[in-house]
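Residue numbers (the working numbering): 2 to 177.
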Ligand SMILES: [Zn+2]
């Protein structure tokens with residue numbers, strides 16, 4: 002009995018002294034933190050395209066090529082076309098090596114970047130061809146437009162996505 006009391010006291014002492022580590026505890030999230038012991042509601046859904054964080058280990062690395070000079074040239078040409086089309090929305094476009102194939106994505110960030118995922122590029126090209134690549138890029142430029150104009154009062158996240166799709170369709174209709 003005495004041992005049990007001492008043991009319980011020890012457990013209490015240890016648990017009360019251990020500071021919880023706040024962070025995202027959802028394995029499927031973009032910014033999952035394996036060391037977190039207390040979910041702080043910061044999880045970012047990988048399916049969203051506004052989630053790239055330069056400091057998050059799950060975000061992937063910015064790279065300079067899709068691994069094929071022909072693809073790089075075509076992509077650059079498309080970036081240039083869209084840069085002219087969305088000329089009021091200053092944006093630098095880069096390539097991101099996602100952490101893994103199942104995290105393929107493209108992102109628009111409020112600090113002025115669009116990052117197009119390496120895996121997303123190759124999978125889209127392989128399965129759907131070139132046009133959807135332009136569509137995805139224009140969708141991200143739609144998000145850049147929302148960010149630049151300060152549009153943020155959406156009732157649901159899906160409305161923000163639908164609007165970005167509308168920007169994309171507008172571009173594809175006029176430019177393609
Ligand atoms: Zn989106």
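Where a beta carbon is used, it is the ideal one built from N, C-alpha and C, also for glycine.
Check	Outcome
Are there any heavy atoms of ligand 1 lying less than 7 Å away from the beta-carbon of residue 144, as far as the coordinates show?	yes
Hey, is the stretch 104 to 112 in contact with the stretch 74 to 82, meaning 3+ C-beta pairs nearer than 8 Å?	no
In whole angstroms, give me the CA-to-CA distance for residue 102 and residue 157.	27 Å
As a quick exercise: from 120, 61, 42, pick the residue whose alpha carbon is nearest that of residue 67.	120
May I ask you to verify whether the stretch 81 to 100 touches the stretch 131 to 149, counting CB pairs closer than 8 Å and requiring at least 3?	yes
In this structure, does DSSP put residue 114 in helix, strand or coil?	strand
Could you check which residue in 70, 44, 147 has the C-alpha nearest to that of residue 167?	147
What residues match up with residue 108 in a beta bridge as DSSP calls it?	116
Could you tell me the distance, in whole angstroms, from the CA atom of residue 63 to the CA atom of residue 20?	34 Å
Secondary structure at residue 42, three-state DSSP: helix, strand or coil?	coil
Taking a contact to mean a Cβ-Cβ separation below 8 Å, would you say residue 118 touches residue 105 in this structure?	yes
Confirm the yes/no value for this check: CB of residue 140, any heavy atom of ligand 1, distance under 7 Å.	yes
On the DSSP letters alone, give me the boundaries of the alpha helix (DSSP H) that residue 143 sits inside.	132 to 150
Under the criterion of a Cβ to heavy atom distance below 7 Å, does residue 176 qualify as lining ligand 1?	no
Would DSSP call residue 158 helix, strand or coil?	helix
Should residue 131 be listed as close to ligand 2, given that the test is whether its C-beta is under 7 Å from any heavy atom?	The model depicted lacks ligand 2 and carries ligand 1 instead.
Could you check if residue 176 is buried or exposed, using at least 16 other CB atoms within 10 Å of its CB as the buried criterion?	exposed
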